[in-house]
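Novice: In short: position in the sequence shown from 1, add 1, done, that's my numbering.
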Amino acid sequence: MPALPHTSREVRLASLPDGLPRPEHFEIVETPLPVPEEGQVLVRNRFFHVFAALRTLIGGSVKGAPFPPLLPGDTLFGAAIGEVVSAPADSGLRPGELVSHWLGWREYAAVAQYTRLGDTLPDPVAHLAQGWTAYAALTQGAEVRPGDTVFVSGGAGAVGSLAGQIARLLGAGQVIGSTGSPEKAERLVSELGYDAAVIRGAEPIGEQLAKIAPDGIDVLLDNVGGEQLQAAVAAARHGARFVLVGALSGQMSAHGTGTTAPVELDTYQLILKGIAMRGFSAPDDARARTQWTERFGGWLRSGEITFPHVRVSGIEQAPQALHEMIGGRHLGAVIVEL
Ligand SMILES: NC(=O)c1ccc[n+]([C@@H]2O[C@H](COP(=O)([O-])OP(=O)(O)OC[C@H]3O[C@@H](n4cnc5c(N)ncnc54)[C@H](OP(=O)(O)O)[C@@H]3O)[C@@H](O)[C@H]2O)c1
Numbered sequence: 002m003p004a005l006p007h008t009s010r011e012v013r014l015a016s017l018p019d020g021l022p023r024p025e026h027f028e029i030v031e032t033p034l035p036v037p038e039e040g041q042v043l044v045r046n047r048f049f050h051v052f053a054a055l056r057t058l059i060g061g062s063v064k065g066a067p068f069p070p071l072l073p074g075d076t077l078f079g080a081a082i083g084e085v086v087s088a089p090a091d092s093g094l095r096p097g098e099l100v101s102h103w104l105g106w107r108e109y110a111a112v113a114q115y116t117r118l119g120d121t122l123p124d125p126v127a128h129l130a131q132g133w134t135a136y137a138a139l140t141q142g143a144e145v146r147p148g149d150t151v152f153v154s155g156g157a158g159a160v161g162s163l164a165g166q167i168a169r170l171l172g173a174g175q176v177i178g179s180t181g182s183p184e185k186a187e188r189l190v191s192e193l194g195y196d197a198a199v200i201r202g203a204e205p206i207g208e209q210l211a212k213i214a215p216d217g218i219d220v221l222l223d224n225v226g227g228e229q230l231q232a233a234v235a236a237a238r239h240g241a242r243f244v245l246v247g248a249l250s251g252q253m254s255a256h257g258t259g260t261t262a263p264v265e266l267d268t269y270q271l272i273l274k275g276i277a278m279r280g281f282s283a284p285d286d287a288r289a290r291t292q293w294t295e296r297f298g299g300w301l302r303s304g305e306i307t308f309p310h311v312r313v314s315g316i317e318q319a320p321q322a323l324h325e326m327i328g329g330r331h332l333g334a335v336i337v338e339l
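(1) Specify whether the region 110–118 and the region 41–48 touch according to this definition: at least 3 beta carbon pairs, one from each stretch, less than 8 Å apart.
(2) Does the beta-carbon of residue 201, which I'm using as the reference point, lie nearer than 8 Å to any heavy atom of ligand 1?
(3) Going by the CB atoms, is the gap between residue 232 and residue 274 shorter than 9 Å?
(4) Quick one: what does DSSP say residue 82 is sitting in, helix, strand or coil?
(5) Just tell me which of 330, 119, 266 and 83 has its CA closest to the CA of residue 422.
(6) Could you have a look at residue 168 and say whether DSSP puts it in helix, strand or coil?
(7) Heavy atom of ligand 1 less than 8 Å from the Cβ of residue 42, yes or no?
(8) Beta-carbon within less than 6 Å of residue 71's beta-carbon, same chain only, minus the 5 sequence neighbours each way: which residues are those?
(9) Compare the Cα-Cα distances from residue 239 to each of 271, 211, 260 and 267 and report the closest residue.
(10) Cβ of residue 330 versus every heavy atom of ligand 1: is any distance shorter than 8 Å?
(11) At which residues does the beta strand (DSSP E) containing residue 175 begin and terminate?
(12) Where does residue 276 sit, in a helix, a strand or coil, going by DSSP?
(13) Pick out the complete alpha helix (DSSP H) segments inside the region 236–285, 4 residues or longer, and give them in chain order.
(14) Taking C-alpha atoms, which residue in 137, 332 and 91 lies nearest to residue 184?
(15) At which residues does the beta strand (DSSP E) containing residue 190 begin and terminate?
(16) Is residue 70 close to ligand 1? I mean its beta-carbon at under 8 Å from any heavy atom of the ligand.
(17) Assuming residue 177 and residue 135 are in contact, meaning their beta carbons sit under 8 Å apart, how far apart are those beta carbons, in whole angstroms?
(18) Going by the DSSP bridge assignment, what does residue 46 pair with across the sheet?
(19) For the candidate residues 204, 225, 97 and 116, whose alpha-carbon lies nearest to that of residue 153?
(20) Compare the C-alpha of residue 142 against each of 244, 199 and 205 and name the closest.
(21) Look at residue 155 and residue 180 and say whether their C-beta atoms are less than 9 Å apart.
(22) Please state if the CB of residue 227 and the CB of residue 202 are separated by a distance shorter than 9 Å.
(23) So what's residue 52 in DSSP terms, helix, strand or just coil?
(24) At a cut-off of 8 Å, would you count residue 94 as near ligand 1, judging by its Cβ distance to the nearest heavy atom?
(25) Taking the straight line between their C-alpha atoms, what separation do you get for residue 151 and residue 192?
(26) Between residue 48 and ligand 1, is the CB less than 8 Å from at least one heavy atom?
(27) State the DSSP-derived secondary structure class of residue 109, mapped to helix, strand or coil.
(28) Report yes if the CB atom of residue 198 is closer than 9 Å to the CB atom of residue 211, and no otherwise.
(29) Measure the C-alpha to C-alpha separation of residue 95 and residue 85 and round it to an integer number of angstroms.
(30) Got a sec? Which residues, its chain only, sit under 8 Å from residue 336 by beta carbon, not counting five neighbours each side?
(31) Is the closest heavy atom of ligand 1 to the C-beta of residue 151 under 8 Å?
(32) Cutting at 8 Å between CB atoms, please list the residues of its own chain near residue 216, excluding the five before and the five after it.
(33) Would residue 298 and residue 121 qualify as a contact pair, given that the criterion is a beta-carbon distance under 9 Å?
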């Protein structure tokens with residue numbers, strides 16, 4: 002094994018943005034290589050996920066959210082895949098083995114909580130896919146049935162780019178996604194299993210949806226909230242099931258802190274249409290994760306699903322990758338490869 006370096010680089014929040022974070026709000030800092038404490042595993046990170054909720058955590062927090070806020074001087078974090086460098090003798094881990102953990106945004110980490118990857122998925126980077134959330138929301142949250150018309154708001158993102166494909170595999174009759182540009186709308190249909198796409202910022206989403214699904218929708222998987230949730234209420238069929246997993250309309254707003262996502266809904270419509278609406282947090286259901294990983298592995302191997310993602314190389318590119326993810330430049334998950 003090559004000699005270990007004495008230092009490791011990590012991305013820290015340098016200052017609080019007024020509005021959306023930009024690369025100048027971060028700094029790459031060189032620190033001494035972490036020394037694992039008792040029970041910890043030293044890993045060299047190979048990949049980490051640039052996730053949407055970072056926008057909310059930078060300087061802010063949402064009551065009840067599972068993550069702490071990030072303040073100036075803090076090192077960013079997020080889901081990562083690391084290669085074991087050294088591990089306690091009783092851990093059973095071997096050097097070179099891959100584990101997933103939450104201390105991304107740094108080259109080396111000493112981790113106490115980790116998951117061994119095994120070979121359920123054909124490519125280790127696929128363990129960073131957000132399909133778990135989509136799968137749990139569609140199966141346990143909305144209980145998609147064969148023939149359903151499913152609308153996925155935020156259909157091109159880390160969650161949405163898998164949600165459309167999963168809805169199709171679960172037997173949905175028509176799958177519609179929303180995204181931010183005509184180019185991405187085209188890719189939703191040609192690459193991600195969507196039948197049609199609506200575009201935010203173009204004509205009102207409600208009008209676009211009414212043209213594509215004149216008979217209405219049965220299921221909403223909502224990553225966005227705001228106007229898109231209003232449009233879904235207007236388009237809902239009687240007995241529609243809505244599952245809310247994200248709030249990109251508030252989270253990615255250039256105004257404010259991204260920590261709230263208020264929306265005005267016509268509750269008469271909820272009542273008269275018997276719409277069931279529930280919030281859903283994937284970590285609430287650990288069983289869904291095991292089931293998802295097994296099914297995802299099978300679907301990837303059979304070619305029935307893809308893991309849409311872009312890989313950005315080098316830790317120094319990570320702040321720019323976050324900026325581009327927020328700006329909607331990419332399709333699928335944004336992964337930094339080290
Ligand atoms: N409940 C859970 O367990 C759970 C788990 C994971 C994620 N989430 C949440 O689910 C949501 C989606 O997550 P993700 O990882 O898939 O994020 P994401 O969609 O990859 O986030 C980036 C995308 O947000 C869109 N966007 C940017 N500005 C926007 C705006 N003003 N309004 C609407 N959309 C905008 C852009 O897509 P377009 O250009 O295509 O519009 C951009 O590519 C997030 O709110 C996230 O926090 C929840």
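Every residue, glycine too, gets a C-beta built ideally from N, C-alpha and C.
Treat the numbers as computed from the prediction; the structure is a model and nothing was measured.
Specialist: According to the structure data:
(1) Yes, since at least three Cβ pairs between the region 110–118 and the region 41–48 fall closer than 8 Å, the two stretches touch.
(2) Position 200 of the sequence shown, counting from 1, holds the residue named residue 201. Yes - ligand 1 has a heavy atom lying nearer than 8 Å to the Cβ of residue 201.
(3) Taking the first residue of the sequence shown as position 1, residue 274 is located at position 273. Taking the first residue of the sequence shown as position 1, residue 232 is located at position 231. No. Outside cutoff.
(4) As a position in the sequence shown, residue 82 is number 81, starting the count at 1. In the structure shown, the three-state DSSP call for residue 82 is strand.
(5) Absent from the structure is residue 422, since the part of the chain shown begins at 2 and ends at 339.
(6) Taking the first residue of the sequence shown as 1, we reach residue 168 at position 167. Per DSSP, reduced to three states, the secondary structure at residue 168 is helical.
(7) Within the sequence shown, numbered from 1, the residue matching residue 42 stands at position 41. For ligand 1, not one heavy atom lies less than 8 Å from the Cβ of residue 42.
(8) Position 70 of the sequence shown, counted from the start, is the residue given in the question as residue 71. Closer than 6 Å at the Cβ level, and outside the excluded window around residue 71, lie 14, 58 and 59.
(9) Within the sequence shown, numbered from 1, the residue matching residue 239 stands at position 238. Answer by Cα proximity: 271.
(10) By 1-based counting over the sequence shown, the position of residue 330 is 329. Yes.
(11) Counting from 1 along the sequence shown, the entry for residue 175 is found at position 174. 175–180 is the span of the beta strand (DSSP E), which, as asked, contains residue 175.
(12) On the sequence shown, position 275 is the one that residue 276 refers to. In the structure shown, the three-state DSSP call for residue 276 is coil.
(13) Counting whole runs of 4 or more residues, the region 236–285 contains the alpha helix (DSSP H) stretches 249–252 and 268–274.
(14) Here residue 184 refers to the residue found at position 183 of the sequence shown. When only C-alpha atoms are compared, the closest one is 332.
(15) Position 189 of the sequence shown, counted from the first residue, corresponds to residue 190. Segment 183–192 is the alpha helix (DSSP H) holding residue 190; no beta strand (DSSP E) there.
(16) By 1-based counting over the sequence shown, the position of residue 70 is 69. Because no heavy atom of ligand 1 lies under 8 Å away, the Cβ of residue 70 does not count as near it: no.
(17) Within the sequence shown, residue 177 is the residue found at index 176, counting from 1. Within the sequence shown, residue 135 is the residue found at index 134, counting from 1. 15 Å between Cβ atoms; not a contact.
(18) Within the sequence shown, the letter at position 45 stands for residue 46. DSSP output for residue 46 lists 83 as bridge partner(s).
(19) Against the sequence shown, residue 153 aligns to sequence position 152. In terms of Cα proximity to residue 153, the closest of 204, 225, 97 and 116 is 225.
(20) For the purposes of this step, residue 142 is taken as residue 141 along the sequence shown, with counting starting at 1. Nearest option by C-alpha distance: 244.
(21) Against the sequence shown, residue 155 aligns to sequence position 154. Against the sequence shown, residue 180 aligns to sequence position 179. Between residue 155 and residue 180, the C-beta gap is smaller than 9 Å, which places the two residues in contact.
(22) Residue 202 sits at position 201 when you count from the first residue of the sequence shown. Residue 227 sits at position 226 when you count from the first residue of the sequence shown. Going by C-beta atoms, residue 202 is not nearer than 9 Å to residue 227.
(23) Looking up residue 52 in the sequence shown gives position 51. Reduced to three states, the DSSP call for residue 52 is coil.
(24) For the purposes of this step, residue 94 is taken as the residue at position 93 of the sequence shown. In this structure, residue 94 has its beta carbon at no less than 8 Å from each heavy atom of ligand 1.
(25) Stepping through the sequence shown from its first residue, residue 151 is reached at position 150. Stepping through the sequence shown from its first residue, residue 192 is reached at position 191. Separation of residue 151 and residue 192 (C-alpha to C-alpha, rounded to the nearest whole angstrom) is 17 Å.
(26) By 1-based counting over the sequence shown, the position of residue 48 is 47. In this structure, the C-beta of residue 48 stays at least 8 Å away from each heavy atom of ligand 1.
(27) The residue labelled residue 109 in the question sits at position 108 within the sequence shown. In this structure, residue 109 counts as strand in the three-state DSSP scheme.
(28) Numbered from 1 along the sequence shown, position 197 holds the residue referred to as residue 198. Numbered from 1 along the sequence shown, position 210 holds the residue referred to as residue 211. No, the pair does not count as a contact, with Cβ atoms beyond the cut-off.
(29) Residue 95 sits at position 94 when you count from the first residue of the sequence shown. Residue 85 sits at position 84 when you count from the first residue of the sequence shown. In a straight line, the C-alpha of residue 95 is about 7 Å away from that of residue 85.
(30) Counting from one through the sequence shown, the residue named residue 336 turns up at place 335. Apart from the 5 residues on each side of it in sequence, residue 336 sits with its Cβ closer than 8 Å to the Cβ of 48, 49, 50, 51, 126, 129, 310, 311, 312 and 313 in its chain, given in chain order.
(31) Walking along the sequence shown from the start, residue 151 turns up at place 150. Distances taken from the Cβ of residue 151 to the heavy atoms of ligand 1 include none shorter than 8 Å.
(32) To locate residue 216, count along the sequence shown from 1; it is residue 215. Same-chain partners within the cutoff: 150 and 238.
(33) Position 297 of the sequence shown, counted from the start, is the residue given in the question as residue 298. Position 120 of the sequence shown, counted from the start, is the residue given in the question as residue 121. When the beta-carbon positions are compared, residue 298 and residue 121 come within less than 9 Å of each other.
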